[in-house]
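Residue numbers (this note's numbering): 574 to 760.
Here you go:
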């Protein structure tokens, strides 16, 4: 693996570009994203091929528009057979591929969707078998947490206090798992 650079593809969910401090927002503090903006590339005039999260992720990973993926909403149908996305291309080129975070692209929650391995954080507290974060949270003494991301529904867009310390928040767990994978891949 020493011959390959690390490729880190970060997707934030349901986030507008103007909610990042480095891109001009004077109120919201985003120090980690700010560092990435200053050291990488920020797309401020891009359009999503789909207006809903699962369909957008499916389009991005497969390099296809919605009519070609068959994914128009969050019910996410199985992708057409023979559809090779950029993750498959990276794997074929000898890269180790790993997904961390939201990994639901098809109805089969166990499908790797081109990745060799993954650490899932799917917001599925009632279904811990479909998630890697929830069992970790439970094992660390937080069985009382029912909504790691806060209350959903009409109050979802309102600021809410976290139900656990920052060290156990889903965002930190995803970051820690990504760093652990990169460090392991480089070892």
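We put the CB at the ideal spot given by N, CA and C, even for glycine.
Shown here, residue 752 sits in a helix according to DSSP, grouped into three states. Setting aside the 5 residues that flank it on each side, residue 736 is surrounded in the same chain by 718, each with a C-beta closer than 6 Å to its C-beta; the list follows chain order. DSSP links residue 692 through a beta bridge to 673. Exclusion of the five residues before and after residue 636 leaves 658, 659 as the residues of its chain whose Cβ lies within less than 8 Å of its Cβ. Per DSSP, residue 630 is one residue of the alpha helix (DSSP H) stretching across 626-635.
Counting only the Cα atoms, residue 696 lies some 8 Å from residue 720. In this structure, the beta-carbon distance from residue 642 to residue 670 does not fall below 9 Å. It is roughly 13 Å from the alpha-carbon of residue 612 to the alpha-carbon of residue 596. Each residue's CA atom was taken as its position, placing residue 602 and residue 594 some 6 Å apart. With contacts defined by Cβ atoms closer than 9 Å, residue 678 and residue 627 form a contacting pair. Around residue 710, the same chain offers 718, 721, 741 as residues with beta carbons nearer than 7 Å, after the five sequence neighbours per side are excluded.
For residue 641, the enclosing alpha helix (DSSP H) covers residues 639-642. In the three-state scheme derived from DSSP, where H, G and I count as helix and E and B as strand, residue 595 is classed as helix.
Rounded to whole angstroms, the Cβ separation of residue 668 and residue 580 is 7 Å, and the two are in contact under 8 Å.
Rounded to whole angstroms, residue 591 and residue 598 show a C-alpha spacing of 6 Å.
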